[in-house]
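There are 2 protein chains.
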Amino acid sequence: MRATVVLLLLCLVTFCSAEPQPALSLMPMPTSVQPGTGHLLIDTSFSVGVAGASDPLLRRAVELFLVNLRRQTGMSPLNMRVADSEQASLVVHADRPNKHGPEFGEEESYSLEISPAGAKLNAATPLGIMRGLQTVLQLLETTSDGFAVPAVTIRDQPRFPWRGLMIDVSRHFMPIDVLKRNLDGMAALKLNVFHWHLSDDQGFRLQSKKFPKLQEMGSDGLYYTQEQVREVIAYARERGIRVVPEFDMPGHSTAWFVGYTELASAPGPYQIERKWGVFDATMDPTEERTYKFLDVFIGEMAELFPDKYFHIGGDEVNGKQWDANSKIQAFLRAHGLKNNQDLQAYFNQRVQKIVSKHGKIMIGWDEVLYPSLPNDLVVQSWRGQDSLAQAAKQGYRGILSSGYYLDHMWPASRHYAVDPMSDAPANLTSEDAQRILGGEACMWAEYVSSENVDSRIWPRMAAIAERLWSPQNVTDINSMYERLEATSHWLDWLGLTHNSSYELMLRRIAGTDDISALKPLADVVEPVNNDVREETAPVEPTSLVPLDRLIDAVRPESSVARQFANSVDRFVASRRKDKDNERLIKVFLLTRNSSFVHYHSSLLREAEPLANNLSRVATVGLQALDYLDRGERPSDAWVMRQTSLLQEAQKPQAQLLLMIVDPVQRLVQAAADQKGPAAQEQE
Amino acid sequence: MRATVVLLLLCLVTFCSAEPQPALSLMPMPTSVQPGTGHLLIDTSFSVGVAGASDPLLRRAVELFLVNLRRQTGMSPLNMRVADSEQASLVVHADRPNKHGPEFGEEESYSLEISPAGAKLNAATPLGIMRGLQTVLQLLETTSDGFAVPAVTIRDQPRFPWRGLMIDVSRHFMPIDVLKRNLDGMAALKLNVFHWHLSDDQGFRLQSKKFPKLQEMGSDGLYYTQEQVREVIAYARERGIRVVPEFDMPGHSTAWFVGYTELASAPGPYQIERKWGVFDATMDPTEERTYKFLDVFIGEMAELFPDKYFHIGGDEVNGKQWDANSKIQAFLRAHGLKNNQDLQAYFNQRVQKIVSKHGKIMIGWDEVLYPSLPNDLVVQSWRGQDSLAQAAKQGYRGILSSGYYLDHMWPASRHYAVDPMSDAPANLTSEDAQRILGGEACMWAEYVSSENVDSRIWPRMAAIAERLWSPQNVTDINSMYERLEATSHWLDWLGLTHNSSYELMLRRIAGTDDISALKPLADVVEPVNNDVREETAPVEPTSLVPLDRLIDAVRPESSVARQFANSVDRFVASRRKDKDNERLIKVFLLTRNSSFVHYHSSLLREAEPLANNLSRVATVGLQALDYLDRGERPSDAWVMRQTSLLQEAQKPQAQLLLMIVDPVQRLVQAAADQKGPAAQEQE
């Protein structure tokens, strides 16, 4: 298979102005921002002084701030030091020290005043200082006078006290480097909870010293040592992030049973699960040995993880092993339990007592909610706001995850529109409403590896972070996207690979370093959502199937396609007077209406129909532009044919969606909507 | 300062064919390569078996190979395992184990046979296996059947046993992450010595437990703990790389004296040096306490560093402190020492005895050579091949560094042309010639930080690695550059930042994420060499001056300019029949003849004259193309004017050189060389 590609470049004279980014592309948007006049220069002599309370965490926060500031400015560790608070360029002042690291509900507000003469950052706690320091980093710009932050007065506080990201490390293991760089990203976006989904059917990812067969037999050797766990916790702590571990039980627990069959509700042997889905393997809630095991295990983990909250999962118990086990059925009858839900509630009550005995507060997914549980329970809802509102009315606190599943491959705008307080919670009494603590984005890992996980989390996570931090009325989608672009590039400084891994993966897929023909395609497609991916998979998806297809490399949301759609909308709305925009649209389509290069790569074979669709769609767009340019209305038959072609091109190919079909349809419609006689049909 | 840029894009129909890379872009080129038929598929079931001798180092090498292979293919840790040697896809066989890690002179040859049915890698030692495994990784390609390595028979062995890279961590400190990723790069290129320049006037970078004031007072807190040193050594060892530490003495030692003034030849106090150059501070070779100190210190270091070789520096003693010290002058007279060179020789003899007492062989720069020293001394030559040949004749072994200074900002081709055996060594007896052990590239760090050091080392280092590994007759520059491009991209998989940091730095310099106007400029300039940089510096260069100018971001060698020059040469040679090439040249020049955008950035102000030059040069090129297109000979006056304009544009601006002036001059010449009457002068 050997071929060539025709690449069309267009002769154009365009006027581009390289404006600086909007002065304040802050994300999450602060509660109040008052621009001032001038800016504070940040040069090699820049210094930070600590006034007020001081503790190791605050001093470390200042150090990390300087590390990041040096990275953004390219300065050396010899530049920009900690100084006396009287002479410092930036003086931070915390009212009180923080002895224990970040804890739930701790004050995080801050105020920041920057003038050309200096800056002051005040907060009640070191945690507030950390949040404010991120704002300073985000304000940094290269001006004609040098590096600087603009004069501004900011007052800021989070809307919700619980703003989290869950990362599933069971379906695909994530080495601690991956976690650390994502913790850096979280800190940058003022997130404060890392929810660590440590066990599931596909792997038990943490070393237990009490029950070593958990990791020895349940992890394929892919687990964190306790030393590494402490390292991650310390890393998170320095960034003002709590670490909440999750050990999913009684379901999602196949990996436990590989080493400890006796915990299961059906005889073994068990093997680490390779497939995705909900499986039968479930702990036996009727045996005392289960609780003895959990008591020792939870005791061990309670010591390892300092946070007050302990997540027991509790989701998706299919009950099949319980139904099939006559001893368990007898137990139900003997204890007056009506069904498996009752039995799970019984299990949860027992586990809650153990969790509580070890000094922790239990958190679990929706299913754990059961009236007899104590009121300090926290419910994490994958079901939605109504479920949260109901829990709140019963006195339970909750956090929202429904609508924040990053693996669903939604555009940032869709996540952004999900508000924990919309729908049913909007009608809660203010006391009940207080129980809605915030939300957590979830990065389930069936289809992410350490290579592409960053690109599934970032930059979309930043939109969710803004939803959970900023005032409820911050909802402008255009503003959000503008700031999201800048934020995405800002995060590059932290070593996140959401941008840098893209071309590497494309080169591998192309089988050559020359991706000039592949990238214009990859830039304008988006993956189908994971459910569709699973249903339509070319081979059965398991943890053994490599994630090296085009779907794994492309971005969840195509900003190139979004910007193209905006151009088209502006062009159509301006009644086509916008010649510059028209030229941009034309170049964009011309570079995509070539016949696709046939790379010599097995990984691209599936993408050929997609590439052909792209070429056809681009051709339709160019024809529509021509009609518009000539002021000629196309024939109805032409419009119908193109519309049906475009509909066909909407269908996924290689499990990817072509994101420029809609805007091209709008060009066709604009051509059809022109006044005057229709053109002669000529085929 | 607000402006717009005119960007011209050209209307062109070009035919690009996305060919796969040349099948075997191996670097360094093996001794013998015989292509076979077909390929061996590398899929999820790929396995490696170990036959023959097995030791932990070999097993670890296989593990690391699989980690890299998984990274290049995007496979999971669950794919591609170690298997029985009978069933494995690749069987490695080492004749004997390696007990002690890499040592000088150890056998590194290997043979690799790949057929569609399987692959065999044989070597005398695990070190040879490591080298061969890198070849397998470099052979990987994405074919239409899937990932594969081509059928091939390779026999390979290094030309020289000492193939090193020196990194100076004193002028700018390099965190261990930087060292580790560069060790990965070294292993990929089959290099085997990491020479760690650990102390100099600007910093003492290693923890001494015997003399803690060395790092406490001499490092600004920027030093490696002994634990980190052991970590780096272990990391290098697993990659078949020896670690040779250098502690420069008796000169280049200001940083020692901050904590231990009594070692110096003049009274203190001393401060860590911030400037670059050769300084007066020198150890006192006449005091017994100096040798007592060095005995304890070298003893401590000899234990920490397992390699047999120990580098004492010994370069650039200016003798000023010795001249000024009457006690030292008296010592010279009392011991019959004629001059400072004699005194340094006395010092070296004393130090050599200490080094030897602690079981090590001394290595030093040219200046250490002195007839009375024992013959196991190794001389590292910054002076050149003649100096090496002289040493060899006197029975001393030597390695070449002259011609391999990466900080000199030479093109790869110039380093490539430097052969340790050319000039005087070519006339040595074969016994004497044996004493020339190889070479070491040097990365002096006056003008590199952890951010841009990778881009100063890679990919040019690969050309030097080839010179030191491949047969002497491997000298084709075009082949070298073709393989260098592929190698540069291959190294991206290791996390080296030579490519990824480029755009990040440009964005910082531009002060905006939109670098579409800056990149066409940055792509075609090269830094002046470091001596010129120092002489013409806008502010006095010190370790306190940030390395965030355009000169710090651009590549030492512009491959864009080199490829443009090649296009022009082909075009001129083809007597302009090459229309495709002509169009490429035209687009290239059109995108660069715009007036430069005025970014709002202080960091770009110095580049404005450079940008103006680029625009003028591009305009000249376009005019010359026009003459050629019309077949019209320009007037002599025009040619003279353009030639003088181009000469002007050759001069550095912002300490950067415009690398497209020569090829544009060739276009002008080609236009002038046309037959027929000259065009009328019209101004």
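Sequence order for the protein chains is A and B. The numbering used here puts the first residue of the first sequence at 6, with every later residue one more than the last. The numbering used here puts the first residue of the second sequence at 6, with every later residue one more than the last. In this text, a Cβ means the ideal position worked out from N, Cα and C, and glycines have one as well. Predicted, not measured: the structure shown is a model, and the values here were computed from it.
Using the beta-carbon of each residue, which ones in chain B are nearer than 8 Å to residue i?
i: G79 (chain A); result: S454, E456, M510, R513, P551, L552, D553 and D557
i: S691 (chain A); result: Given that chain A is displayed from residue 6 to residue 688, the structure contains no residue 691 (chain A) and the question cannot be resolved.
Can you list the residues of chain D that residue i reaches, using a CB-CB cut of under 7 Å?
i: L608 (chain B); result: This model lacks chain D altogether; the protein chains it does include are A and B.
Along chain B, in chain order, which residues have C-beta atoms closer than 7 Å to that of residue i?
i: H494 (chain A); result: R512 and D518
i: S114 (chain A); result: What S114 (chain A) touches in chain B: nothing, since even the nearest Cβ is about 30 Å away.
Would you mind telling me which residues of chain B sit closer than 9 Å to residue i, beta carbon to beta carbon, in chain order?
i: A659 (chain A); result: Those within 9 Å of A659 (chain A) in chain B number zero; the least Cβ separation is about 16 Å.
Candidates the options: which alpha carbon is nearest residue i's?
i: L31 (chain A); options: A:R86, A:V154, A:T148 and A:S59; result: A:V154
i: M306 (chain B); options: B:K365, B:N345, B:L549 and B:P290; result: B:K365
i: W415 (chain A); options: A:G341, A:S564, A:L393 and A:Y296; result: A:S564
i: R86 (chain A); options: A:E653, A:L71, A:S649 and A:W167; result: A:L71
i: S455 (chain A); options: A:R488, A:T502 and A:P464; result: A:T502
i: V157 (chain B); options: B:S149, B:M179 and B:L126; result: B:L126
i: H200 (chain A); options: A:Y229, A:D312, A:R136 and A:A66; result: A:D312
i: L299 (chain B); options: B:I359, B:D641 and B:P376; result: B:I359
i: Q231 (chain B); options: B:G169, B:G190, B:I181 and B:G341; result: B:I181
i: E531 (chain B); options: B:K582, B:A422 and B:A659; result: B:A659
i: A527 (chain A); options: A:R621, A:G151, A:R560 and A:S475; result: A:R560
Counting only Cβ pairs nearer than 8 Å, list the residues of chain A close to residue i.
i: P430 (chain B); result: Those do not exist, as P430 (chain B) stays about 37 Å from chain A at its closest Cβ, beyond 8 Å.
i: H177 (chain B); result: S81
i: S564 (chain B); result: Chain A residues near S564 (chain B): none, gap ~12 Å exceeds 8 Å.
Please classify residue i: does DSSP put it in a helix, a strand, or coil?
i: S386 (chain A); result: strand
i: W370 (chain B); result: strand
i: F262 (chain B); result: helix
i: Y401 (chain B); result: coil
i: L608 (chain B); result: helix
i: E553 (chain A); result: Note on identity: in this sequence residue 553 (chain A) is Asp, with Glu being the wrong assignment. Three-state DSSP puts D553 (chain A) in coil, outside helix and strand.
i: S548 (chain A); result: coil
i: D189 (chain A); result: helix
i: Q670 (chain A); result: helix
i: M171 (chain B); result: strand
i: Q658 (chain B); result: strand
i: V423 (chain B); result: coil
i: E278 (chain A); result: coil
Hey, does residue i have any beta-carbon neighbour from chain B nearer than 8 Å?
i: F284 (chain A); result: no
i: A329 (chain A); result: no
i: D497 (chain A); result: yes
i: P27 (chain A); result: For P27 (chain A), the predicted model reports a pLDDT of 43, less than 50, meaning its position is unreliable and no value from the coordinates is stated.
i: H605 (chain A); result: yes
Would you please verify whether the beta carbon of residue i is less than 8 Å from any beta carbon of chain A?
i: S505 (chain B); result: yes
i: A612 (chain B); result: no
i: T49 (chain B); result: yes
i: P416 (chain B); result: no
Practice item. Mind checking the region 131-150 of chain B against chain A and listing, in chain order, the residues whose C-beta falls within less than 8 Å of any C-beta there? Key: E146, T147, T148, S149 and D150
Practice item. Could you please tell me which residues of the region 621-642 of chain B, in chain order, have their CB closer than 8 Å to any CB of chain A? Key: none
Point to revise | Selection of the region 226-253 of chain B by Cβ proximity to chain A, strictly under 7 Å | key: L227
Check your understanding: Along the region 462-491 of chain A, what residues have a CB closer than 9 Å to any CB found in chain B?
Key -> E490 and A491
Review point. Just by C-beta distance, which residues in the region 351-371 of chain B are closer than 9 Å to chain A?
Key: none
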